[in-house]
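Reviewing the structure listed below.
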Amino acid sequence: MFHLKTTIAAVALLASSSLASAEEITLWVRTSSGAVLQGLAEKYNASHSDKVNVTQITAEQMVPKLGAAIAGGAAPEGAVLDLIYLPTFAANDSLEDISDFVKSLPYSAALSPSHIRLATYDGKVYGVPALPDASIIAYNTDLFKKAGLDPDKAPASLEEIAADAKKIHALDKETYGFYFVANSGSWLIYDFLPHLWAANADVLSDDGRSATVDTPALRDTIAAYRDMWKAGAIHPTSRSGNGNNAVEAFASGKVGILMTGSYIVNLLASKYPDVKFAVAPIPGPKGGASSFAGGDTLALIKGVSEEKKKVALDFVKFYMEPEQQVYITQESGMPSRTDLAKEAYAKFDPRNLIAYDVLAKARTPYTFSSDELFVSRTGPFINLIQGTIFGDDVDGSIKKAQDDFTKILDRTNP
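Read in order, the letters of the sequence shown correspond to residues 645 to 1058 in the numbering used here.
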């Protein structure tokens, strides 16, 4: 009896100690990523004594709300942020250095290069990819056939896109060759800037501190877009749209080529199964290929306790496991690890691999003032696109963009 009581007491003490040592952390995530992160957290919590709690924040509120919480000492342990904001938070000394952890991962070389670049500041790494995304083109193979184009041959340059778009528009007045979203900075950095990156050009220097707007690649890209617009080959709602109708326009069978993202494959296959389409990387004006590396990066807030930091990084290791990478692919469209791409996509549409393969060449603007430069509806980037493609003063619009970029960078660079 004595030994039984001792055993029971020991078990009870062990359970009590285990419960006492269990930690909980809170991750703030964008609502657009909320369902996937919540699912991952539930899987983790079901098999661990430590717990991960997910709080969903609308995308528009995430940055100001997180900034206020950090300033007020009421921040969560971590946040899953749009990767473009990582340089700003890192430069403000708001994030925890996890360089050693990231570099120690056996698959560190397989993490999205752009996500790691944006998470790096002053030689230290402050984040790890969570839910990557990439931009691509989708093209309607039926319309390509009708226009006398080879449906098995994707346009290899923007000049080819322009030529193909005009041939497709020639089919009839209600069919358009090309659709892009010109009135949203978030869309434009997603689908316009890759043309420049494919030509080894950019509107910013590598360190994000200087404007490099006026380049031959930019002028060649603008020339191709102006050519399509003047020919009537661009869908008319491209000029003023915010992206809400882009997929529906393409799915209607009246748009030949759509500037879009990796999500398009699973979305069209499930919601519009009758649409015959293929996807390809975004080409430069005369060739090459690139993409915008979008999506989310997980970062820890500066000052997180060692105990809670351990839980957060354990959660990262958990969602990087093959089983969870398959789940992420199923729910979000793209795994975090390139070395697991074939395994993650084995059960899904193989066209996904086109988007994923280009992720290694993808880029993201490295800047401390992304909202002012790119996202603002009155900002210099939208004004550049609207003025050069749809306006009459190309030279003036480019010069004004260069000047406006420089003023903002001079004021906001840390």
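Backbone N, C-alpha and C fix where the C-beta goes; we use that ideal spot for every residue, glycine too.
Could you work out which residue in the options is closest to residue i when comparing CA atoms only?
{"i": "GLU803", "options": "SER756, ARG995 and MET872", "result": "MET872"}
{"i": "GLY938", "options": "PRO776, SER665 and TYR729", "result": "PRO776"}
{"i": "PRO979", "options": "SER884, ALA807, ALA778 and ALA913", "result": "ALA778"}
{"i": "PHE1049", "options": "PRO966, ASP1036, ILE714 and THR1011", "result": "THR1011"}
{"i": "GLY792", "options": "SER1020, SER801 and ILE812", "result": "ILE812"}
{"i": "GLY931", "options": "LEU840, ARG853 and GLY897", "result": "LEU840"}
{"i": "LEU749", "options": "LEU957, GLY900 and ALA719", "result": "LEU957"}
{"i": "ALA855", "options": "THR699, GLY1040, PRO1009 and SER756", "result": "PRO1009"}
{"i": "ALA990", "options": "LYS1005, GLN974 and VAL1002", "result": "GLN974"}
{"i": "PRO966", "options": "ASN889, SER976, ALA988 and LYS1005", "result": "ALA988"}
Quickly, what does DSSP pair residue i with across the bridge? List them, please.
{"i": "ASP993", "result": "According to DSSP, which records beta bridges pairwise, ASP993 is partnered with nothing at all."}
{"i": "ASN784", "result": "PHE921"}
{"i": "ILE926", "result": "SER934"}
{"i": "LEU944", "result": "GLY722"}
DSSP three-state call for residue i: helix, strand or coil?
{"i": "ARG674", "result": "strand"}
{"i": "ASN697", "result": "strand"}
{"i": "PRO979", "result": "coil"}
{"i": "GLY939", "result": "strand"}
{"i": "GLY711", "result": "helix"}
{"i": "ILE1026", "result": "helix"}
{"i": "ILE1042", "result": "helix"}
{"i": "GLY900", "result": "strand"}
{"i": "MET872", "result": "helix"}
{"i": "ILE998", "result": "helix"}
{"i": "SER1020", "result": "coil"}
{"i": "SER779", "result": "strand"}
{"i": "TYR823", "result": "strand"}
{"i": "ILE643", "result": "Outside the modelled stretch of the chain, which goes from 645 to 1058, sits residue 643, for which no answer is possible."}
{"i": "ALA855", "result": "strand"}
{"i": "LEU1007", "result": "Rather than Leu, the amino acid found at residue 1007 in this sequence is Arg. Of the three classes helix, strand and coil, the one that applies to ARG1007 here is strand, per DSSP."}
{"i": "THR881", "result": "helix"}
{"i": "PRO860", "result": "helix"}
{"i": "LEU1059", "result": "Any question about residue 1059 goes unanswered here, given that the chain covers just 645 to 1058."}
{"i": "ASP726", "result": "strand"}
{"i": "PRO1059", "result": "Nothing about residue 1059 can be read from this structure; the chain reaches only from 645 to 1058."}
{"i": "ALA774", "result": "strand"}
{"i": "LEU769", "result": "Rather than Leu, the amino acid found at residue 769 in this sequence is Val. Three-state DSSP puts VAL769 in a strand."}
Do you know offhand how far residue i's Cα is from residue j's?
{"i": "PRO773", "j": "SER758", "result": "9 Å"}
{"i": "PHE788", "j": "ALA798", "result": "10 Å"}
{"i": "LEU1017", "j": "ILE908", "result": "27 Å"}
{"i": "SER935", "j": "SER665", "result": "45 Å"}
{"i": "VAL673", "j": "THR702", "result": "8 Å"}
{"i": "PHE959", "j": "ASP850", "result": "32 Å"}
{"i": "ALA922", "j": "ALA842", "result": "20 Å"}
{"i": "SER661", "j": "ASP766", "result": "Low local confidence applies: a pLDDT of 45 at SER661 is under 50, so the model's placement there is unreliable, with the coordinate-based value given in what follows. Using only the alpha carbons, I get a separation of about 41 Å."}
{"i": "ALA654", "j": "ILE972", "result": "For ALA654, the predicted model reports a pLDDT of 47, less than 50, meaning its position is unreliable and no value from the coordinates is stated."}
{"i": "ALA723", "j": "ALA690", "result": "21 Å"}
{"i": "ALA735", "j": "ASN844", "result": "26 Å"}
{"i": "ILE866", "j": "TYR820", "result": "19 Å"}
{"i": "GLY678", "j": "VAL707", "result": "16 Å"}
{"i": "GLY771", "j": "ASP1047", "result": "32 Å"}
{"i": "ALA893", "j": "VAL680", "result": "27 Å"}
{"i": "THR1022", "j": "LYS986", "result": "42 Å"}
{"i": "LYS768", "j": "ARG1007", "result": "19 Å"}
{"i": "LYS1043", "j": "LEU837", "result": "18 Å"}
{"i": "GLU704", "j": "SER693", "result": "33 Å"}
{"i": "VAL1038", "j": "PRO927", "result": "22 Å"}
{"i": "TYR729", "j": "ALA814", "result": "43 Å"}
At a cut-off of 8 Å, is residue i close to the ligand ADP when judged by its beta-carbon and the heavy atoms of the ligand?
{"i": "ALA1006", "result": "Among the ligands in the structure shown, none appear at all, so the ligand ADP cannot be discussed."}
Counting pairs of Cβ atoms below 8 Å between the stretch 868-886 and the stretch 1018-1036, do you hit three or more? yes
Pair every Cβ in the stretch 857-865 with every Cβ in the stretch 911-921, then say whether three or more of these pairs are closer than 8 Å. no
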